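From first to last, the protein sequence lines stand for chains A and B. Take 1 as the starting number for the first sequence in this note's numbering and just add one per residue. Take 1001 as the starting number for the second sequence in this note's numbering and just add one per residue. Glycine is no exception: its CB is placed at the ideal position from the N, C-alpha and C atoms. These figures come from a predicted structure and were not determined experimentally. Here's the structure, in structure tokens; my notes come after.
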Amino acid sequence: MSIEKDIVARATKGDGDAFAQLYERHFNGIYRYIYLRLGNQFEAEDLTQDVFVKALEAIGSYKWRDLPFASWLYRIAHNRVIDHVRKQSKVEKVPLEDDIPLFSESNTALAAEREIEIEEMISNIEKLSPAQREVISLRFGAELSVAEAAKALGKNEGTVKALQYNGIAALRKMLLTDN
Amino acid sequence: MTRKTEDIFNNCLERMFKGESIKDCLDAYPKKTPDLEPLLKTSLAIARSSSTIKPNPEFKARAHRQFQLMLHAKQKKAERRVKISIWHRRWALATASILVVFLVGIGTAAASTNALPDESLYPIKLAAEQVRLTLAFSDVARTTYHVKFAGRRSGEMVEMARQGESDKISMLTEQIANHLGKVYIMEETPVARGEIPEVMVPTPAAAPPAGVETFDAGKNMGELEIILSQSRTNSLNALWYALDNAPEKLKPILEQAIEDIEEDYNITISLIESGSNQ
């Protein structure tokens, strides 16, 4: 954490290399989080880029003492997802089947199998309550700690743990029903 | 189900994320095993599936390139702002001098309106602009002045190019960058975003001069984008014409200046666009 704190401190002072390091560290996590929230590759790609544009614009005013960097970044991502969902609420969603494959593996059978697994997982996550879905995406997609997720969401840690527990229990039930 | 169960579940989850097995953790909580084991198995499956979600390599490479360009543009802008701070000091001095001008008579200031950078009245012209910016009654009005003054600098550059004044061209390029940089900063304010209603305090001194288009509370970022695009087109057309007719030795300098100005306009417009699309 202290290494990241140092990188963040440099980035807030306008060090482009430091911000590029933060970009590399968090790019995949932000993409995964948005993908789990929206279930659409193209939207996840657009919004991932948007999040870093927003972060670059605002990094000068970021202060670690108010919020850990990961929580701050995922708060931007969360807000972008909310805005996007609000704007897209009346637009027909492109089904996942029409997306470009997620994997570029040579073993297409394995790739297809994984893709089906992910589709099922996202489809089930979509059925959770918004708060459970948010917590599951932050914990399993973004791989944030409970403390970081709590700060990103502005909730206390106990609430995040409860949402996580109930979300997983609900997913378990869905899996049993599917099978 | 108690809060303790949620805590134990989370504790096991953290241990699992660090590489321990489900059994390792549940051995410490035998009474909870029937409840927690299936949930931890589900968690493990979700974690495994999630970890296979990765951005498409082509997208990642494209995004990385775009990000690097943006980072570069931002750094370039910041470097220019540092250079321009010298001009801020000069402007501050000129602002003080404008007070003297007012005491002597506003006729001198009026006479400076068409002054060029190589003329003695030019600092007064800049100071008069600075006063207008300071007295602007709202952020959006100030933003419009910045666009207007960026256009003015382009006009002066055309004249300087005609006279073969190469040193004035780079100075004017920096001033244009400064004005356009301020347009971006203004865009970030809540007033300009339309999030906070603008408080209009009309005073005679703050009234905009004839010919300067100003924003009222009802206008939005889309209109700023149009004004910027018009300013960009007018400035670049005039500068390209000047380039065609400039002395040969001046052409490389002017060409570079046009390239920088075009980039500044493009960055500003794209930032405004991305802001207005949010």
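Residues that residue i contacts on chain B, provided the C-beta gap is smaller than 8 angstroms
i	result
N28(A)	K1054, P1055
Q49(A)	A1063, Q1066, F1067
L171(A)	T1042, I1046
E193(A)	No answer is possible for residue 193(A): it lies beyond the span of chain A, which begins at 1 and ends at 179.
I3(A)	Going along chain B, no residue has its Cβ under 8 angstroms from I3(A), so there is no contact; the nearest lies around 19 angstroms.
Buried versus exposed, by CB contacts within 10 Å (16 or more), residue i
i	result
S1051(B)	exposed
I1267(B)	buried
W1091(B)	buried
A149(A)	buried
Y1281(B)	The question about residue 1281(B) has no answer, for chain B in this structure spans 1001 to 1278.
S1154(B)	buried
D1027(B)	exposed
S1231(B)	buried
G1151(B)	buried
S1229(B)	exposed
R1062(B)	exposed
I1053(B)	buried
N156(A)	exposed
V1139(B)	Looking at the sequence provided, one finds Asp at residue 1139(B) rather than Val. With 16 or more other Cβ atoms within 10 Å, it is buried.
H1179(B)	buried
H1072(B)	exposed
Proximity test, Cβ basis, 8 angstroms: residue i and chain A
i	result
T1143(B)	no
E1006(B)	yes
A1177(B)	no
A1078(B)	yes
K1031(B)	no
K1018(B)	no
Q1075(B)	yes
Assigned secondary structure, residue i (DSSP; H/G/I helix, E/B strand, else coil)
i	result
T1052(B)	coil
A1150(B)	helix
P1117(B)	coil
P1247(B)	coil
Y1241(B)	helix
V1140(B)	helix
K1168(B)	helix
Y31(A)	helix
A142(A)	coil
E126(A)	coil
N156(A)	coil
S1021(B)	coil
A1028(B)	coil
G39(A)	coil
D17(A)	helix
Short CB-CB distance (under 8 angstroms) between residue i and chain B
i	result
K161(A)	yes
Y35(A)	yes
G154(A)	no
R114(A)	yes
F69(A)	no
E45(A)	yes
G141(A)	yes
L138(A)	no
R133(A)	no
V180(A)	This structure does not reach residue 180(A), given that chain A is present from 1 up to 179, and the question cannot be answered.
Y74(A)	no
R32(A)	yes
I82(A)	no
Q118(A)	Here the sequence assigns Ile to residue 118(A), which means Gln is not the residue at that position. Yes, its Cβ sits closer than 8 angstroms to a Cβ of chain B.
I168(A)	yes
Neighbour list for residue i in chain A, Cβ cutoff strictly below 8 angstroms
i	result
I1010(B)	It should be noted that the sequence gives Asn, not Ile, for residue 1010(B). Neighbours of N1010(B) on chain A, chain order: V146, K161, Q164, Y165.
L1071(B)	G16, F19, A20, L56
Chain-ordered neighbours of residue i on chain A, where CB pairs are closer than 9 angstroms
i	result
F1149(B)	Result: empty, since nearest Cβ-Cβ is about 24 angstroms, beyond 9 angstroms.
Where residue i meets chain B, residues with beta-carbon distance less than 7 angstroms
i	result
L175(A)	T1042
Y23(A)	F1067
7 angstroms Cβ cut-off: residues of chain A touching residue i
i	result
F1059(B)	E45
Short-range partners of chain D found in the segment 1036-1052 of chain B, where Cβ spacing is below 7 angstroms: Within the model displayed, chain D is absent; protein chains A and B are what it includes.
Quick one: complete beta strand (DSSP E) runs, 3+ long, within the segment 47-88 of chain A? none
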